[in-house]
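Novice: Have a look at this one.
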Amino acid sequence: MRRPLLFWALSALLWAAGQRPVKGNDADVKSDEVGTAGAWVTFRAPALTGDRLPHGGPDWSFVTPRLPALSADARSVLVAHSEIQMGGPPNLSLRVLRVSDRAVLATVPVLSVEEFGEAAAPALDEVAARAFADLAKRVEARLAAVVPSLAAVKWRPLAGCTVSP
């Protein structure tokens, strides 16, 4: 199976940042303003101050104001994907879907449920606070690594529309 150029561009950037993209459907992935990937993804990550939410950590969140976005050739769409669970940990991955059949062409993990759970695992808040601070830095690095690839593909944000009766 031939991989699209976008997959290889994302792969090279993620390998440089120490991350590996996940192929196919096998990965899914909420805090002060900490990092942004252009205006594509904004990451809010307040420090853990002792008040843990039901998921075990601080109130982290992502905002994706320019997603979904269409590729320049209109064959792919870039979407934000998260595994939604009531009271569950925040998570996010960026997925490239083929427009014709919605097949997942590439997945770029930003924050996984497992990573957040590992940071929340320590019982002592001081240890957990350090783990969350380190995790926030890793998420920032991942987002920073994605920015050049988003620009290279020339994604165009889809505009919202309303339908009148």
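11 is the number of the first residue of the sequence shown in my numbering; add one for each residue after it. Backbone N, C-alpha and C define an ideal beta-carbon position, used for all residues, glycine too. A quick note: this is a predicted structure, and the numbers were derived from the prediction, not measured.
For R152, does the three-state DSSP call read helix, strand or coil?
Specialist: Position 142 of the sequence shown holds residue 152. DSSP places R152 in helix when its eight states are reduced to three.
Novice: Would you mind reading off the limits of the alpha helix (DSSP H) that contains A130?
Specialist: Sequence index remark: in the sequence shown, residue 130 carries index 120 (1-based). 123-130 is the span of the alpha helix (DSSP H), which, as asked, contains A130.
Novice: Among residues of its own chain, excluding the 5 on either side of V73, which ones have a beta-carbon nearer than 6 angstroms to its beta-carbon?
Specialist: What you label residue 73 is simply residue 63 of the sequence shown in a count that begins at 1. Cβ neighbours of V73 beyond the five flanking positions: T52.
Novice: Name, in chain order, the residues that DSSP records as bridge partners for V106.
Specialist: Indexing the sequence shown from 1 puts residue 106 at position 96. Looking at the DSSP assignment, V106 forms a beta bridge with L88, A116.
Novice: Note down the Cα distance separating G66 from W50, rounded to an integer number of angstroms.
Specialist: In the sequence shown, the residue the question calls residue 66 occupies position 56. In the sequence shown, the residue the question calls residue 50 occupies position 40. C-alpha separation (whole angstroms): 27 angstroms.
Novice: Could you check where the beta strand (DSSP E) with V6 kicks off and where it finishes?
Specialist: Residue coverage of the chain in this structure runs from 11 to 175, which leaves residue 6 outside it and unanswerable.
Novice: Helix, strand or coil for G97? Go by DSSP, reduced to three states.
Specialist: For the purposes of this step, residue 97 is identified with residue 87 of the sequence shown, where counting begins at 1. Three-state DSSP puts G97 in coil, outside helix and strand.
Novice: Mind reading off the beta-carbon distance from L58 to P68? Whole number of angstroms is fine, and I expect it under 8 angstroms.
Specialist: Counting from 1 along the sequence shown, the entry for residue 58 is found at position 48. Counting from 1 along the sequence shown, the entry for residue 68 is found at position 58. Sure, about 5 angstroms apart at Cβ, within 8 angstroms.
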